[in-house]
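Only one structure is covered here, and it is reproduced in the block below.
There are 4 protein chains.
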Amino acid sequence: MPTSVETVNLADARRIIAAAEKKAAEIGQPMNIAVADAGGNLVAHVRMDGAWIGSVDISIKKAFTSRAFDIATKDLAPHSQSGSQFFGIHASNDGKIMIFAGGIPLKKGDKVIGSIGVSGGSGDQDHAVAEAGAAAL
Amino acid sequence: MPTSVETVNLADARRIIAAAEKKAAEIGQPMNIAVADAGGNLVAHVRMDGAWIGSVDISIKKAFTSRAFDIATKDLAPHSQSGSQFFGIHASNDGKIMIFAGGIPLKKGDKVIGSIGVSGGSGDQDHAVAEAGAAAL
Amino acid sequence: MPTSVETVNLADARRIIAAAEKKAAEIGQPMNIAVADAGGNLVAHVRMDGAWIGSVDISIKKAFTSRAFDIATKDLAPHSQSGSQFFGIHASNDGKIMIFAGGIPLKKGDKVIGSIGVSGGSGDQDHAVAEAGAAAL
Amino acid sequence: MPTSVETVNLADARRIIAAAEKKAAEIGQPMNIAVADAGGNLVAHVRMDGAWIGSVDISIKKAFTSRAFDIATKDLAPHSQSGSQFFGIHASNDGKIMIFAGGIPLKKGDKVIGSIGVSGGSGDQDHAVAEAGAAAL
C-alpha cells in the first residue's frame, strides 16, 4: 500500500524564491537561490544579476543536502568538521553534499516537503536569505 | 500550496522484489533487483546469490531511469541509439541513465509512484523479471 | 582594453522561461526549462509540475551546450552520431554536452548572448518550446 | 590452485538487515542498512520508511569501506582526521570511502566475510544498529 507524501510544487518554489530575493536585495548581496522537492530534485533556481557563478552549483547542492538529511546545512556544519562525528560526509553522494550555512528544510508541521539552498554571500547572509524564503512556504 | 503525491514504501518494495525473485528463480537466472520511490531514490536492493556484481549498479540505475523519464528502459532504448532522437541521453544525469531493457515504472492509475530495475541476464529476461515484480505492486 | 559583451540577465531569463512555459502548456507537455548567460552559466531553471525529474539535468546541459558551441543542439546532433565528424563530443566537458534537440542559442543580431535548454518531451516538442522561449528575448 | 573463501550470501544479508531494522525501530530512528560480501560488493540494501535519502549512498559506502579495510568505520575515523596518518583516505576509491561510524566488518573467526553499513542517525546510533545487525551473522 503506497504512502502519500506532500511536496512543494513550482508555484511554491516561485513564492519562496521571490521572498528570498527580496531579502537578498535588502541586504544588498545578490544570491543564487534553489528549491528542491520532497524527493530532493530541483524545482527551480535563479541567479540574481551579479551573483557568483560558482554559487549556482552550491545553491542547488545546499538544497539537496537539506532534504537529504532533513537538516539546515548550518546545523550539519559543526558535525562535519575534522574531529566531529560526520567528518567525511562532504565526500558522499557523489559530491552533492554542502556542509556550510545556506540550506534549510521546508517543513509542513514536522514533515519535510522540500528544501531551499542559497549561496552568494557570507554563511550568515546565505542562511538569512534562506530563512526568508522558507518563511514564505 | 504543496502537492500530495503517492510513493512506494519499503513494504511495497519488498513485495515487489519477492515477486521478481520468484520469476528469476523460475527462469533460472539470478538477478539484481532494485526499487526506487517517486523521487527516484533507492528504497531497496537485493543481489541474488550468483548474480553478476556488475549488475548491482545497473539495476539501481535502471530503476532511477524508469522514474526519471516515466518509461520502461526497453522503450527508451530505441530512441537512444545513434541516429535516434535521444542519442546521448546515456551521458546525462552523471551517468545514472541506463538505456537497455530491465527498468519499469511502477504505476497507480496513470501516476508513476516508483520504479523497478532488474539486471542479471539478457534484456528479455531482465524485463520479464521486472514485469513480474511490477505486477506485485 | 577589455571587451564589452552583452548577455541575458535574470529578467530576460524569466521572460524567456514564461514564454516557453506557455508553449509547453499549449502542447500539453510539462517541461524543464533552463536559461544560460553569455558565459554558459545557468541564470534560471524551472521544472513544471509533472515534468520528468531526469530532465532537470538535461535542460541545464542543453542550455550549456548551445552556448558552448553557439549552435542549436538539434543541429549539433547529426554531426555527433556514430560515424560523424564530432562523434564523441558528448563525452567532453565533464559530461555537460547534450547532443539532441531542445537547446538553442539566444542571439542579438549575430551575437550569441545566452542560450535556452528544454527537456521533457520528444525532441520536436523540446525544440518547439525552446524556440517559443527564444522568441521572447 | 585457487583459494576458497567464505562470504555472506543473500539469506545472511536478510537476517542481518532484519536484526538491524529491529534495533533501529527500538531506538526510534529509521535507517538505511546495507550488507556487502567478501568482495566488497553490495548484497542487499533497505531504506526504512522515513530514513534520510542522503543516507542511501552513505550506508552502501560504509559497508564497502568496512570490507575494503577490514575495520569498523568508527575505528578508521580517528586515523582519518586532518593531521592523522590516513587523512585524505576519503578521497580514494572514487569517493566510496566513508570515515565515520556505522560500518562494521562481518567476521567468522578472524576472517572477514562481508560487512554492514548503517546510516540514518548519529554516529553512535548508526554503530549500535550495525552491531545489532552484525550479531545476527
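Residue numbers (UniProt numbering), protein chains in the order written: chain A, 1 to 137; chain B, 1 to 137; chain C, 1 to 137; chain D, 1 to 137. We put the CB at the ideal spot given by N, CA and C, even for glycine.
Residue i and residue j closer than 9 Å at C-beta
i, j, result
"isoleucine 33(B)", "glycine 121(B)", "no"
"aspartate 70(B)", "valine 112(B)", "yes"
"alanine 130(A)", "glycine 109(A)", "no"
"phenylalanine 64(B)", "serine 115(B)", "yes"
"histidine 127(C)", "lysine 74(C)", "yes"
"glycine 40(C)", "glycine 95(B)", "no"
Cα-Cα separation, residue i to residue j
i, j, result
"asparagine 93(D)", "alanine 18(D)", "29 Å"
"aspartate 124(C)", "serine 84(D)", "56 Å"
"glutamate 137(C)", "valine 56(A)", "Per the sequence shown, residue 137(C) should be read as leucine rather than glutamate. C-alpha separation (whole angstroms): 22 Å."
"leucine 42(D)", "serine 66(D)", "12 Å"
"valine 46(B)", "glycine 133(A)", "40 Å"
"arginine 15(C)", "proline 2(B)", "25 Å"
"isoleucine 97(B)", "glutamine 29(C)", "21 Å"
"lysine 22(A)", "alanine 44(A)", "16 Å"
"phenylalanine 86(C)", "methionine 31(C)", "28 Å"
"aspartate 12(C)", "alanine 135(C)", "11 Å"
"glutamine 81(D)", "glutamine 81(A)", "9 Å"
"alanine 25(C)", "alanine 25(A)", "32 Å"
"glycine 117(C)", "alanine 72(D)", "46 Å"
Nearest candidate by alpha-carbon position, reference residue i, set the options
i, options, result
"glycine 50(A)", "Lys96(C), Val8(C) and Ile97(C)", "Val8(C)"
"leucine 76(C)", "His127(B), Gln29(B), Gly88(B) and Gly40(B)", "Gly88(B)"
"phenylalanine 100(D)", "Asp37(A), Ala25(A) and His79(A)", "His79(A)"
"isoleucine 53(B)", "Ile104(D), Trp52(D), Ala38(D) and Lys96(D)", "Ala38(D)"
"valine 35(D)", "Ala25(D), His90(D) and Ile58(D)", "Ile58(D)"
"alanine 68(D)", "Gln81(D), Ile104(D) and Asp12(D)", "Ile104(D)"
Anticipated Cβ contact below 8 Å, residue i with residue j, distance rounded
i, j, result
"leucine 10(A)", "methionine 48(C)", "6 Å"
"alanine 91(D)", "alanine 20(A)", "At roughly 33 Å, the Cβ-Cβ gap does not stay under 8 Å, so alanine 91(D) and alanine 20(A) are not in contact."
Practice item. With a floor of 4 residues, list each alpha helix (DSSP H) that falls wholly inside the stretch 30–66 of chain C, ordered by position along the chain. Key: none
Practice item. Jot down the residue ranges of each uninterrupted beta strand (DSSP E) in the stretch 67–122 of chain A, minimum 3 residues, whole runs only, in chain order. Key: 103–108 and 111–119
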